[in-house]
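To start, the structure under review is shown below, and the notes come after it.
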Amino acid sequence: MSIAVIYGGGNRPNGNVETLTKLVTQDLKVEEIYLKDYSIQPIIDKRHTEEGFSEVNDDYNSIIERILPHDILLFSTPIYWYSMTGAMKNFIDRWSQTLRDSNYPNFKDNMSSKKAYVIAVGGDMPYIKGLPMIQQFQHIFDFMGTSFEGYILGEGNKPGDIVQDLKAMSAAECLRKELQ
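Mind the numbering: the sequence shown is residues 2 to 181 in this note's numbering, read in order.
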């Protein structure tokens, strides 16, 4: 099973969610994709126009090309305002365009063959306040036919706080063993 990690954070290198995710992927061969390193334009919704979607000159398709070969996708994001980061949401929003892109005629079928996990860290009661985001991911994966295998929520505000969340650290270790 091949694994791609899609990091939605970026404001803090080696931040809490990246630390937790790297505990999961320790000793595993993974392809890491940091959305902060790419230019991804927001979607311009043309689903209901005669001309349909236009080509967008950004890095989005290169990311799609990188995730499609993998069997497992790990979505790693800080919890911002009770949801995923804007970069992660922007990336997922563009799936609407890819679903209609003739360059990816089997995009939904390809995504339906994958397993997905979410790893998220927040600083304000994430075990409760992060649940709407997890539910949002569940709906996204259901729509795509992707098997949502599980999630880890962790608590951390300041850099390094995540190592104090023994529940999250233990869950990360369990997921690492599961993915081996």
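A virtual CB, placed ideally from N, CA and C, is assigned to each residue, including glycine.
Just so it is clear, the structure is predicted and the values come from calculations on it, not from any experiment.
Extent of the continuous beta strand (DSSP E) run through residue i
i	result
residue 154	148-156
Residue j beta carbon less than 9 angstroms from that of residue i
i	j	result
residue 144	residue 102	no
residue 21	residue 141	no
residue 70	residue 148	no
residue 132	residue 154	yes
residue 78	residue 124	no
residue 25	residue 180	yes
residue 130	residue 163	no
residue 13	residue 160	yes
residue 5	residue 37	no
residue 83	residue 118	no
residue 156	residue 126	yes
residue 91	residue 34	no
residue 109	residue 146	yes
residue 169	residue 122	yes
DSSP beta-bridge partners of residue i
i	result
residue 73	4 and 116
residue 122	79 and 155
residue 31	4
residue 84	81
Boundaries of the alpha helix (DSSP H) in which residue i is found, first to last residue
i	result
residue 61	61-68
residue 49	Unbroken run through residue 49: none, as it is neither H nor E.
Burial state of residue i, where buried means 16 or more other Cβ atoms lie within 10 Å
i	result
residue 167	exposed
residue 19	buried
residue 85	buried
residue 66	exposed
residue 51	exposed
residue 96	buried
residue 17	buried
residue 44	buried
residue 165	exposed
residue 105	buried
Nearest-angstrom Cβ-Cβ length linking residue i and residue j, presumed shorter than 8 angstroms
i	j	result
residue 60	residue 115	Contact doesn't hold; Cβ gap of about 21 angstroms is too wide.
residue 135	residue 68	Contact doesn't hold; Cβ gap of about 20 angstroms is too wide.
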